[in-house]
Amino acid sequence: RKSTLNPNAKEFNPRSYAQPK
Amino acid sequence: DLKATVLSAASPGEQKEMLGERLFPLVQAIQPTMSNKITGMLLELENSELLHMLESPESLRSMVEEAVEVLQAHQAMDTSYK
Numbered sequence: 001r002k003s004t005l006n007p008n009a010k011e012f013n014p015r016s017y018a019q020p021k
Numbered sequence: 101d102l103k104a105t106v107l108s109a110a111s112p113g114e115q116k117e118m119l120g121e122r123l124f125p126l127v128q129a130i131q132p133t134m135s136n137k138i139t140g141m142l143l144e145l146e147n148s149e150l151l152h153m154l155e156s157p158e159s160l161r162s163m164v165e166e167a168v169e170v171l172q173a174h175q176a177m178d179t180s181y182k
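The listed protein sequences correspond, in order, to chains C and H.
For the first sequence, counting from 1, position 8 maps to 8 in my numbering; every step adds exactly one.
When you read off a place in the second sequence, starting at 1, and then add 100, the result is the number in my numbering.
So this is what it looks like as structure tokens:
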């Protein structure tokens, strides 16, 4: 089965974790 | 909570950001080590699929497992060519 997921996708960096207010 | 109507008012980039912010902690709970990458991979899918995953833990889990397999296969290929 072929996956639709791309291993070269850009990483997601959540704002809420990266920059706590 | 996140509804299609809320999403439709946002720009495409904002929509992915909103979905990512909600998906990330769920992905992290399933797979802590590669959660940033896996969330990024999932965000390339259709928003309707992402909304479905947010409502269905089984769907999310199976997609996260698929992402891990894809990543591991990709990494194995990388190292075999070095």
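Yeah, the Cβ is synthetic: ideal placement off N, Cα and C, and Gly gets one too.
Nonlocal neighbours in the same chain, by C-beta distance under 6 Å from residue i, ignoring five residues either side
| i | result |
| --- | --- |
| S135 (chain H) | V127, Q128 |
Where residue i sits in the DSSP three-state scheme
| i | result |
| --- | --- |
| L126 (chain H) | helix |
| S3 (chain C) | coil |
Integer-rounded CB distance, given that residue j should sit under 8 Å from residue i
| i | j | result |
| --- | --- | --- |
| G113 (chain H) | L143 (chain H) | The pair is not a contact, with the Cβ atoms about 11 Å apart (cut-off 8 Å). |
| A173 (chain H) | L5 (chain C) | No, A173 (chain H) and L5 (chain C) are not in contact; Cβ-Cβ is about 11 Å, not under 8 Å. |
Unbroken alpha helix (DSSP H) run spanning residue i, endpoints
| i | result |
| --- | --- |
| S175 (chain H) | At residue 175 (chain H) the sequence reads Gln, which differs from the Ser that was named. Note, Q175 (chain H): alpha helix (DSSP H), 157 to 180. |
| M141 (chain H) | 135 to 142 |
Next item on the list: Determine which residues of the region 133 to 161 of chain H have a Cβ less than 8 Å from any Cβ of chain C, and write them out in chain order.
Entry: In summary, the residues of the region 133 to 161 of chain H whose CB is separated from some CB of chain C by less than 8 Å are N136, K137, T139, G140, M141, L142, L143, E144, L145, in the order they occur in the chain.
Check: Which residues, in chain order, does the region 103 to 121 of chain H contribute to contact with chain C at a C-beta distance below 8 Å?
Finding: Residues of the region 103 to 121 of chain H that bring their beta carbon within less than 8 Å of a beta carbon in chain C comprise E117, G120, E121, in sequence order.
Check: Listed in chain order, which residues of the region 162 to 179 of chain H have Cβ atoms closer than 7 Å to some Cβ of chain C?
Finding: Within the region 162 to 179 of chain H, the residues whose Cβ lies closer than 7 Å to some Cβ of chain C are E166, A167, V170, L171, H174, listed in chain order.
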